[in-house]
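Report on the structure given below.
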Amino acid sequence: MSDLLFYLYIFGIFLVGVASYKKIGGTKDFYIAGGNASVLRLTGSLLATILGSSAIIGSVNFSTRNGWAGSWFMICAALGLGVLYFILEKLRTFKGYNLPELLGDFYGIEVNKIASFVIPIAWTGIVASQIMGAAMIVSKMTSIAYTSGIWISGLVFIAYTCLGGQLSIIKTDFIQFLFIIFGLFFCFMYTSFNYDLGDALPLISYKFGYKELVVMLLTYSTTFFVGPDIYSRIFCAKDLKTAKKAIILSIVILLPLSYILSSLGIHAAALIGDRVVDSSLIFLIEEILPKSMAVLMYFCLLSAVISSADTTLLTASSMLTQIFIGNLKNKKSIGITRIFIIFLGVVSIYIALKMKFILSSIFLAFSIYSGAFIIPTFLGILGYRASKGYVILAIFAGGGLALIGKIYGGQSGNIYIIFAFVLNTLILGIPYIFKKKRDNLVKNQSTY
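Just add 86 to wherever you are in the sequence shown, counting from 1, and you've got our numbering.
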C-alpha cells in the first residue's frame, strides 16, 4: 500500500511539472513564478524551503544528542527572517532574479560571475543531501532499496524542476508545507500524550556553548537574510506588503516549531537509550507511531525534502546560466538552465551515492557560502560600495578560511569560521577607511 501511495505522490508532482510547463510564457514565469505570489502561497513556499531534511531530521537528531539546543535551528531561522524584514524595502527595489545578479549590480559583472560559479558548487552538496534524505525516507516507507531511492528521488527532482521551473515549485510548496505541519503536529501530540519528556540539557550547555551558538548564527542564521533560496522566494512576491506579511507569518510558525522538533528529539533520546540508530525521527516513526500516523509522517518528510531540493536545484542552475548568457531575461536562458538542472541533478545523485552524513555536508556548504558572501551582500543592500578587487579578495579569503575551519573542526575550527567573517569585513572596510582619510586630508588642505 505504501509503495502505491508513494508512486501516486511522485506521479502527482510530475503532473504539476507538466501543467506548469504549458503555462510558462517567459523568463519571469520560469524564474520567479510571474512575480505575483500571494501571502499564503509565499509563506508556504518560504517555510517549505526552510523545512528541508536538514531542518527537520537534522534538528531532531541534534536535540537527541544536545537537548533543547536543537531549538536553535528554527530560532536562528526566525532571527534571520527578522533581519530580512527590516532590509526588505531595500532588497525589493532590485528587479533581477537571483543573488549573483544583485551582487553584480553592487560590485560589477566579475563579482556576479564569481558568485554564479562558487555558490552552485556549494549548493550541489545541499541538493545531494536532500536526495539522501529522500532516499532514506523512501527506503523506510516502501520496499524500494536506498540506492534505488537515490536514483528515483533524484530523477523526480530533475524532471519536476526542469519542466515547470519556479511555477511548478511555488504551486506545490504550500501543499507540501501542509503535509509537513500536519505530520509534525500529530507526531508531537502523540509522543507528548504517551511519553514523558524527562530531563534534557538546556539551550546552552557544556555540549552546545556560546561559541557554537555564534558559529550557528554566522553560518546558518545569516543565510535567511542573505540567502539565494530565500531571495528566490521573495522575488516571487507580488509586492512589498505581501513579502513583509509572509515573513512575519513564517516567523510566527517557526518559533513553536523549534519547540516541537526539539521535544521530538528529547523524547527519542529517552526511548532510544543506549541503542545506536541512524535517525532519531525515523526511530520514532518506526517504533512509536501507529502505522497510519507513520505513513503521514513519511509523506511529511518526503514533502520537506522535495520542497527544498527543487528550489536549491533551480537556484544553482540559474546561476550557472548567467556565466554563459549574462542576463536571465534572455529567452535562451530557460533552455540553458534546463540543461544545467539535468547536469547538476546528475552530479548531485553521484555525490549522494558517495556521501554518508547529511547534516555535516549541509553545514560545510553553508560555511563556505556564508564566509564568502554574507558580508558583501548585506553591506551592498545597505548601500555600501567597494571596488571589485577588494570584494573578490574578501569572497575568496572569507570563504576559504571558513572552509578550513569546517574541515579542521572542533573549537579551533569554530574560531577559524568566526574569524572568516571578521577578515571579510576588514578587507571590505579598507577602501572605506582610505576614503575617509583622503576626504579628511582634502578637507584639511582646503582650510589652509
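Using N, Cα and C, we set each Cβ at its ideal position, and we do this for glycine too.
Proximity to residue i [Cα-Cα], best of the options
i      : options                           : result
Ile490 : Tyr476, Ala451, Ile409 and Leu479 : Ala451
Phe271 : Thr247, Gly295, Leu347 and Ser336 : Leu347
Trp154 : Tyr345, Gly112, Ala221 and Ile374 : Tyr345
Ser453 : Ile255, Ile118, Leu174 and Leu303 : Leu303
Phe192 : Ala506, Leu465 and Ile503         : Leu465
Ser124 : Thr247, Asp259 and Gly190         : Asp259
Gly269 : Gly103, Phe97, Leu241 and Ala390  : Ala390
Arg151 : Pro288, Gly431, Ile374 and Ala488 : Pro288
Ala201 : Leu126, Lys114, Tyr455 and Gly121 : Tyr455
Gln497 : Val300, Ala395, Gly98 and Leu387  : Val300
Ile437 : Leu388, Trp237 and Tyr95          : Trp237
Ala395 : Gly486, Leu350, Gln262 and Ser88  : Gln262
Phe203 : Ile513, Gly499, Phe459 and Ile467 : Phe459
Leu249 : Leu174, Ala119 and Leu388         : Ala119
Asp285 : Gly486, Ser234 and Ser349         : Ser349
Asp325 : Thr228, Ser106 and Gly121         : Gly121
Ile99  : Phe116, Glu196 and Ser239         : Ser239
Tyr306 : Gly235, Gly457, Ala221 and Glu372 : Gly457
Lys418 : Phe116, Ile290, Gly156 and Ser106 : Phe116
Leu167 : Ala208, Ile316, Ile230 and Ala231 : Ile316
Lys331 : Gly499, Arg127 and Gly421         : Arg127
Ile266 : Thr247, Ile504 and Ile392         : Ile392
Pro517 : Tyr494, Tyr476 and Leu509         : Tyr476
Residue i, DSSP secondary structure in three states
i      : result
Ala48  : Nothing can be reported for residue 48: it is not among the residues displayed for the chain, which extend from 87 to 534.
Ile231 : Rather than Ile, the amino acid found at residue 231 in this sequence is Ala. Three-state result, Ala231: coil.
Ala245 : helix
Ala123 : strand
Ile96  : helix
Val363 : coil
Arg424 : helix
Lys415 : coil
Ile374 : coil
Ala519 : It is Ile, not Ala, that sits at residue 519 in the sequence shown. In this structure, Ile519 counts as helix in the three-state DSSP scheme.
Ile110 : coil
Ser131 : helix
Ser473 : coil
Leu468 : coil
Gly495 : coil
Leu400 : helix
Met405 : helix
Leu137 : coil
Met383 : helix
Met441 : coil
Burial state of residue i, where buried means 16 or more other Cβ atoms lie within 10 Å
i      : result
Ile519 : exposed
Thr401 : buried
Ala480 : buried
Arg319 : buried
Val146 : buried
Gly469 : exposed
Leu101 : exposed
Val224 : buried
Pro342 : exposed
Asp282 : exposed
Lys257 : buried
Arg471 : exposed
Phe172 : exposed
Lys226 : buried
Ser254 : buried
Leu462 : Residue 462 is actually Pro in this sequence, not Leu. Flag for Pro462 reads buried.
Asn280 : exposed
Pro206 : buried
Leu188 : buried
Lys492 : buried
Val242 : buried
Heavy atom of the ligand NAD within 6 Å of residue i beta-carbon
i      : result
Pro206 : Among the components of this structure there are no ligands whatsoever, and the ligand NAD is therefore not found.
Given 8 Å, three or more beta-carbon pairs between the region 374-382 and the region 306-320: no
Please give me, in chain order, every unbroken run of the alpha helix (DSSP H) with length at least 4 that falls completely inside the region 140-209. 158-177 and 185-193
Does the structure place the region 124-142 close enough to the region 272-290 that three or more beta carbon pairs sit under 8 Å? no
Looking at C-beta atoms only, is the number of pairs between the region 180-192 and the region 405-425 that lie closer than 8 Å three or more? The region 180-192 vs the region 405-425: in contact.
I'd like to know if the region 387-400 and the region 207-226 are in contact, where contact means that at least 3 CB-CB pairs between them fall below 8 Å. yes
Of all the beta strand (DSSP E) runs that stay within the bounds of the region 254-339, which reach a length of 3 or more residues? none
Cβ contact (3+ pairs, closer than 8 Å) linking the region 288-305 and the region 99-114: no
At least three beta-carbon pairs within less than 8 Å, the region 125-135 to the region 326-336: Taking 8 Å as the limit for Cβ pairs, the verdict is that the region 326-336 does touch the region 125-135.
The region 158-173 contacting the region 363-378, beta-carbon criterion three pairs below 8 Å: With fewer than three CB-CB distances shorter than 8 Å, the region 158-173 does not count as touching the region 363-378.
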